[in-house]
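Structure, as structure tokens:
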Amino acid sequence: MNRCLKRSLYIFSWPILIASAYYLYSYNVRHQSPSSLRMLRFTQLTGIKQLQAWASQRQDLVVDLLSQRKNDLPLNPDWRVHHISDKYFVEDMPVYVWNDHGLAGQKTIFYLHGGGYIVDATPFHFDFIRDIITRTDARLVFPVFYKTPKYSYQQAFPLVYRLYQEWAAKGPMYLMGDSAGGGFALSLAISLKQAKAELARHIFLISPWLDLSLEDKAYKHFDSLDPLLDLPALQLMGRFWAGKTYSVKDWQISPIYGDLSGLPPIFVSVGTHELLYWDSFRLRQAIQASHGQIETYLGQRMNHIFPILPIYEARPVRQRIVNLMNQESEE
Numbered sequence: 001m002n003r004c005l006k007r008s009l010y011i012f013s014w015p016i017l018i019a020s021a022y023y024l025y026s027y028n029v030r031h032q033s034p035s036s037l038r039m040l041r042f043t044q045l046t047g048i049k050q051l052q053a054w055a056s057q058r059q060d061l062v063v064d065l066l067s068q069r070k071n072d073l074p075l076n077p078d079w080r081v082h083h084i085s086d087k088y089f090v091e092d093m094p095v096y097v098w099n100d101h102g103l104a105g106q107k108t109i110f111y112l113h114g115g116g117y118i119v120d121a122t123p124f125h126f127d128f129i130r131d132i133i134t135r136t137d138a139r140l141v142f143p144v145f146y147k148t149p150k151y152s153y154q155q156a157f158p159l160v161y162r163l164y165q166e167w168a169a170k171g172p173m174y175l176m177g178d179s180a181g182g183g184f185a186l187s188l189a190i191s192l193k194q195a196k197a198e199l200a201r202h203i204f205l206i207s208p209w210l211d212l213s214l215e216d217k218a219y220k221h222f223d224s225l226d227p228l229l230d231l232p233a234l235q236l237m238g239r240f241w242a243g244k245t246y247s248v249k250d251w252q253i254s255p256i257y258g259d260l261s262g263l264p265p266i267f268v269s270v271g272t273h274e275l276l277y278w279d280s281f282r283l284r285q286a287i288q289a290s291h292g293q294i295e296t297y298l299g300q301r302m303n304h305i306f307p308i309l310p311i312y313e314a315r316p317v318r319q320r321i322v323n324l325m326n327q328e329s330e331e
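Residue numbering for the sequence shown follows full-length UniProt numbering, starting at 1 and increasing by one per position.
If you want it as structure tokens, here you go:
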């Protein structure tokens, strides 16, 4: 009996020892949570960065494949958001609305998703959305804007601008976006300011892509740290998004080159180990130089759009977003 007990304890102790060692390695060696380290390994194993590099060298094939896509989400995301959406169209642009109480004073999050202007939102986006709207009781408006290479900014922007103004007439607005959507959100904010239209109460940017030229030498350094984004591939996506009408350095395409004065308060989160860190660094400098209000959350050793991912390090960022929205709604 004692021998069987010892053997059982020996067998079952190994998983505990391995888990403990992994936990200690994560925090003491990598200085990341186990969930963050698992996400990093998953990203590396999927070879997403290598796939981007491969695709950027086969432009004709990629353009042919992507141009045949239907402009909509492949699956209804309601089951991830845990709310039933009100789906409608602005011309042929799908729009999803979650948690709409039909009240004029309800705060609205206008969300522009990332994906390099070329791919649709992921399940991670909808898990993030569920968390935010559950804790703020905000409605969330989610346009599936036109994607490149079939379309460019010139076709996508007018519908997004029109949609924003329609919802701004109903109550307080909060503008939010991640990655490419973060850049699109800032470009939209500049356009609204120039038109003297209703501005958002607050702008929330998660790893925003603000300079589509990516010409600064600093990007090469951060490219070597980023396990997800590929520098040449992003430069190609940027040229697609600019199209034939704009330059990648026009502020409509790269809002870091725009007039950033007079904007609402901005909250930006970015990781130190991502290609687009330099964009957020430059944004902070520009906003401070124009005497604007900006708060930056810096994720040490974190990768692209880490607040959206199911990792421990995302929690304080999400909590800060919720706190800012709830505080402003009480004022």
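Ideal placement from N, C-alpha and C gives every residue a C-beta, glycine not left out. Fair warning: this is a prediction, and the values are worked out from it, not measured in the lab.
Give the DSSP bridge partners of residue i, in chain order.
i	result
Y96	K87 and F142
Straight-line CA distance for residue i to residue j?
i	j	result
H202	R320	13 Å
F126	K196	32 Å
P307	Q32	14 Å
M173	T108	5 Å
Y151	P255	19 Å
R41	V317	22 Å
F89	Q293	35 Å
W251	L61	30 Å
P232	E274	15 Å
R58	K244	20 Å
A168	R139	12 Å
L66	Q327	42 Å
G47	N99	36 Å
Q288	Y297	15 Å
D230	F281	19 Å
K170	Y219	41 Å
D178	S207	6 Å
Y277	N323	24 Å
I266	L205	7 Å
L45	S36	14 Å
L225	Q165	39 Å
Q68	F240	16 Å
Q155	R38	39 Å
S187	P264	13 Å
P227	Q50	9 Å
D92	F157	13 Å
Is it buried or exposed for residue i, if we count other Cβ within 10 angstroms and need 16 for buried?
i	result
L315	Note on residue identity: the sequence assigns Arg, not Leu, to residue 315. Exposed, because fewer than 16 other Cβ atoms sit within 10 Å of the Cβ of R315.
E313	buried
W79	exposed
H221	exposed
T136	buried
K217	exposed
R162	exposed
A104	exposed
Y146	buried
N303	buried
M325	buried
P143	buried
I84	exposed
P74	exposed
T272	exposed
W54	exposed
K70	exposed
Q52	buried
P123	exposed
D259	exposed
G182	buried
S261	exposed
Which two residues bound the contiguous beta strand (DSSP E) that contains residue i?
i	result
G271	I266 to G271
G299	I294 to G299
I203	H202 to I206
F110	T108 to L112
What are the boundary residues of the alpha helix (DSSP H) that includes residue i?
i	result
F240	L231 to A242
H221	A218 to L225
P123	P123 to T136
L228	That residue, L228, is in no alpha helix (DSSP H); it is neither H nor E in DSSP.
F281	Y277 to A289
P34	P34 to T46
V62	Q59 to L66
V81	D78 to V81
Taking only runs of the alpha helix (DSSP H) that begin and end inside the segment 164–196, which ones reach a length of at least 4 residues, in chain order? 180–194
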